[in-house]
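Trainee:
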Amino acid sequence: MHSNWHNLLELSVQLLKVSAFFTVVVLPATLICLRECRMLSVTSRLALGISCGFALFVIGAWYVGLKSLDDWGVFWLLQCIAVAWRVWRTRRRHLATMPGDDTYAVSPDAARWQWLVAVPLLAGGLLQLYALHFSELPLGVDSAFHCVVGQRVLDAGRVVNDLWPLDDLQLNYPIGSHLWLAVAAQWTGLEVHQVFRHSITLALWGGGLVVAACAEKLFGSAIHAAAASFAFVFCSFQASLFPYTWGGLPSLMAVWLGLAGVYAVFSVPGQIGLLTSSLLFGGMVLTHHHTMVAMLSGIGVAAAIGFWLVPKERRTYGRVLVALAVGMAVAGVYLVPLASRLGEIHATGIIGYREQFRWPWGHLWDWGPALLVTAAVGVTLRKRSESGAMRFLLIVLAGFWLCAFAALDYGARVVTAVSSGVPSTPFTPSRFLFDVQWILAIFASGGLVRVLRWRPGQELPVPSSARSSTEVVRVAGERSGLAVFVKGLIVTLALTGTIIWAVRDVQPRWKPVPSDALLPIGRWVRESLTINAFVMLNGFQDVWLTYACRRESPSLFVPISEPATTPRRTLRDSLVQRPFDRTWAQWSERLAKPIYLLSHAQDRPMGLRPIHVSGHVAVFDLNSRDADQ
């Protein structure tokens, strides 16, 4: 029990460090949004400011890091100077008081309900903190790869496109999230894997705020924003809580930024809105490639359809298309080199990848009945006139992603099975379902409010911000005490059941990571063995070995987007599968590195004595003469 409390305390301190640095990173953009966007609620301004601040970090760190990440502090100071200059220039002018914008101002009465948005997000953060205490290393094989890339960036102190000397891989993966891991680790003094774990919580909070802001835009009240926050955490749990179990930090961050870009282009008028959404789309592109493809294609198609079918909103949808184009230009530092390597796509696993087959109702069951029912109700609700363009785009975008999933999972599986005899599902179709759940959470907020108010035969009222709280009081006063009690009981049971469903589905994956045993021996390897050492495990290879030791190993997991079939990786596979085809001296000569074996401390492979023992793991030198005798 004492150990558990100590772990939770240590995790809390780490979270505070990462959160404090994150706050510093996003502070300039957040301050300017709080000041300039008075037409928006506090929740919306925070969501927009935090998202813009992080997008600016990703973009700035990438461009600054082309030379050295040590100069990132100068970039941050320039942001602060720009904010101070803007405040000085506009100290008497705000967007909220511009002609024609007074109708969008948020009243103090409505602002009193904004704090409700934070409650589900804090609950999700506590659940995530509970999940972290089981192990020191994150769950998921993707996490190991992302931590290796983040460590490589940290060691190099600049933007990199390879992993040498940890691996000979040339990266196709955008490193926006890895730049965050490296810079945050450098400034907080934490390990990369520690920053990675807590960054998932930060991404959950940032994404939840954006979902809440979108719901408030669609349905017009702070209650809907709070409902969206709850729906994102506990109804769309596969998009909020579940990514930790497979290491989906880049996906979380990218969808968060992309959805914030959609919100900005519809909610912030003029050139400021266009610039803001462009930066957010650019940050999204630099963070995750699959999300980039899904967002750029989906939003582009949805905006083009809206431009064609809704003449009165052509200007609005034209802004969306311009923002996408400018965002791609901002991310040109990544897109241009990537485009030059498109001919090498067959060297990756993108085309031949195969996901486990599941029937459509299996995926729907994974989403849970709460999300499906509330989202379906929310889509049918009467829309606000000023949010119609955004509502149309979100619905078309969700439909586009569902069609993409069906085509790439079921359609491509049949076509490739018939044509080549080997079924495949290119481009990881399940990630489109991950993206869809963010949009479903937005519409689920309307469904939650409608269902839990339980007013049969009446349309859901959309009161003005000034009347929102008094409307709630008036409705409560019109009901008898028994009716209010029954209604409260039903609401409590419904919300409790939704939370239990979410935790039940995710909690079994919150478990200890056996790879934690590699961390102590890994520290000794980093301190005692040369940087060009090659390490391997005796028997099963652990995906965390490369990160734990910061040395090349045969166990690094590589995503399907990377060109994993290289002569050196083939050589390493041969070493693991047929180690006695050559002498250890010959293997070492071919690898051009000394080889060390990690095994159980009680083992004596080839009769060797360990050169170091840490806990249950020992290190053996395979470069000695005794190893080949």
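For the record, in the sequence shown the residue sitting at position 395 is 413 according to the numbering used here, with numbers rising by one throughout. The C-beta atom is built at its ideal place from N, Cα and C for all residues, glycine as well. Since the model is a prediction, treat every value here as computed from it, not as a measurement.
If you draw a straight line from the alpha carbon of R586 to that of L593, how long is it in whole angstroms?
Mentor: Using only the alpha carbons, I get a separation of about 11 Å.
Trainee: May I ask which residues mark the beginning and end of the beta strand (DSSP E) holding S617?
Mentor: Unbroken beta strand (DSSP E) run through S617: 613-618.
Trainee: Please name the residue in V311, L412, F598, C253 whose C-alpha comes closest to that of V391.
Mentor: Per the Cα distances, C253.
Trainee: Relative to the alpha-carbon of A535, which residue among L199, L466, W562 has its alpha-carbon at the smallest distance?
Mentor: Here the closest residue by C-alpha is W562.
Trainee: Please classify G291: is it buried, with 16 or more other beta-carbons within 10 angstroms of its beta-carbon, or exposed?
Mentor: Classification for G291: buried.
Trainee: I believe A231 touches L466 by the beta-carbon criterion, under 8 Å. Please report the beta-carbon distance rounded to the nearest angstrom.
Mentor: The pair is not a contact, with the Cβ atoms about 16 Å apart (cut-off 8 Å).
Trainee: For my contact list, S677 and A240 are in at a C-beta cut-off of 8 Å; report their separation, rounded to the angstrom.
Mentor: The requested residue 677 is not part of the displayed model; the chain covers only 19 to 647.
Trainee: Determine the DSSP secondary structure at D160, reduced to helix, strand or coil.
Mentor: Note: D160 maps to helix in three-state DSSP.
Trainee: Less than 8 Å separating the beta-carbons of Y262 and L157?
Mentor: Yes, they are a contact pair.
Trainee: Going by the CB atoms, is the gap between G265 and H164 shorter than 8 Å?
Mentor: For H164 and G265, yes; Cβs fall inside 8 Å.
Trainee: Using only CA atoms, which one of H306, R409, W205, L382 lies nearest to T334?
Mentor: Residue R409 is the option with its Cα nearest to T334.
Trainee: So within the stretch 325-350, which uninterrupted alpha helix (DSSP H) runs reach at least 4 residues, ignoring any that extend past its ends?
Mentor: Segments of the alpha helix (DSSP H) lying fully in the stretch 325-350: 332-348.
Trainee: So if DSSP puts F461 in a beta bridge, which residue, or which two residues, is it bridged to?
Mentor: Per DSSP, none; premise fails for F461.
Trainee: Taking C-beta to C-beta, are G348 and I77 nearer than 8 Å?
Mentor: In the sequence as displayed, the identity of residue 348 is Val instead of Gly. It is a contact, given that the beta carbons lie within the stated cut-off.
Trainee: Give the DSSP-derived three-state secondary structure of S632 in the structure shown.
Mentor: Strand at S632.
Trainee: Please list the terminal residues of the continuous beta strand (DSSP E) segment that includes L555.
Mentor: Its beta strand (DSSP E) spans residues 552-555.
Trainee: On a CA-only basis, which of E570, G350, S62, A551 is nearest Q559? Give me that one, please.
Mentor: Of the candidates E570, G350, S62, A551, the one whose C-alpha sits nearest the C-alpha of Q559 is E570.
Trainee: Whole-angstrom Cβ separation of I413 and V397, contact assumed at under 8 Å?
Mentor: Going by Cβ atoms, the distance from I413 to V397 rounds to 7 Å, so yes, they are a contact pair.
Trainee: Can you pull the DSSP bridge partners for D180?
Mentor: According to DSSP, which records beta bridges pairwise, D180 is partnered with Q188.
Trainee: Just to confirm, is the Cβ distance from T443 to R522 under 8 Å?
Mentor: No, the pair does not count as a contact, with Cβ atoms beyond the cut-off.
Trainee: If you draw a straight line from the C-alpha of L181 to the C-alpha of I68, how long is it?
Mentor: Going by the C-alpha atoms only, they are around 31 Å apart.
Trainee: Excluding sequence positions up to five away, which residues of its chain have a Cβ less than 6 Å from the Cβ of A203?
Mentor: Same-chain partners within the cutoff: L172, V210, V213.
Trainee: Give me the residue from R590, L342, S448 with the minimum Cα distance to A610.
Mentor: Of the listed residues, the one whose Cα sits closest to A610 is R590.
Trainee: Let me know the alpha helix (DSSP H) ranges lying completely inside the stretch 227-257, each 4 residues or longer, listed in chain order.
Mentor: Whole alpha helix (DSSP H) segments, 4+ residues: 240-248.
Trainee: Would you report the Cα separation of L139 and L222, rounded to the nearest angstrom?
Mentor: Roughly 8 Å separates the two Cα atoms.
Trainee: Could you pull out every residue in the same chain whose Cβ sits closer than 8 Å to the Cβ of V166, ignoring the five residues on either side in sequence?
Mentor: So the list reads L181, L184, D185, T564, Y565, L574, once near-sequence residues are dropped.
Trainee: Excluding the 5 residues preceding and the 5 following I323 in the sequence, name in chain order all residues of the same chain whose CB lies nearer than 8 Å to its CB.
Mentor: For I323, where only same-chain residues beyond five positions count, the Cβ hits under 8 Å are V414.
Trainee: To the nearest angstrom, report how far apart L199 and M302 are at their CA atoms.
Mentor: Distance between the alpha carbons of L199 and M302 is about 16 Å.
Trainee: Rounding to the nearest angstrom, what Cα-Cα distance links P532 and T446 in this structure?
Mentor: Distance between the alpha carbons of P532 and T446 is about 27 Å.
Trainee: What is the DSSP secondary structure of E570, counted as helix, strand or coil?
Mentor: Strand at E570.
Trainee: Hey, would you say Q32 sits closer than 8 Å to H196, going by beta carbons?
Mentor: Cβ distance not < 8 Å, so Q32 and H196 don't count as in contact.
Trainee: Looking at the secondary structure, which residues open and close the alpha helix (DSSP H) in which A424 lies?
Mentor: It spans 406-424 - the alpha helix (DSSP H) in which A424 sits, taken as one unbroken run.
Trainee: Measuring alpha carbon to alpha carbon, tell me which residue in R627, E580, S285, V340 is nearest G370.
Mentor: Among R627, E580, S285, V340, the Cα nearest to that of G370 belongs to E580.
Trainee: Could you tell me the distance, in whole angstroms, from the CA atom of G350 to the CA atom of V344?
Mentor: So the alpha carbons of these two residues sit roughly 10 Å apart.
Trainee: Quick one: what does DSSP say D560 is sitting in, helix, strand or coil?
Mentor: In this structure, D560 counts as coil in the three-state DSSP scheme.
Trainee: Alpha helix (DSSP H) containing R622: first to last residue?
Mentor: Taken as a continuous stretch (DSSP letters only), R622 belongs to no alpha helix (DSSP H), as it is neither H nor E.
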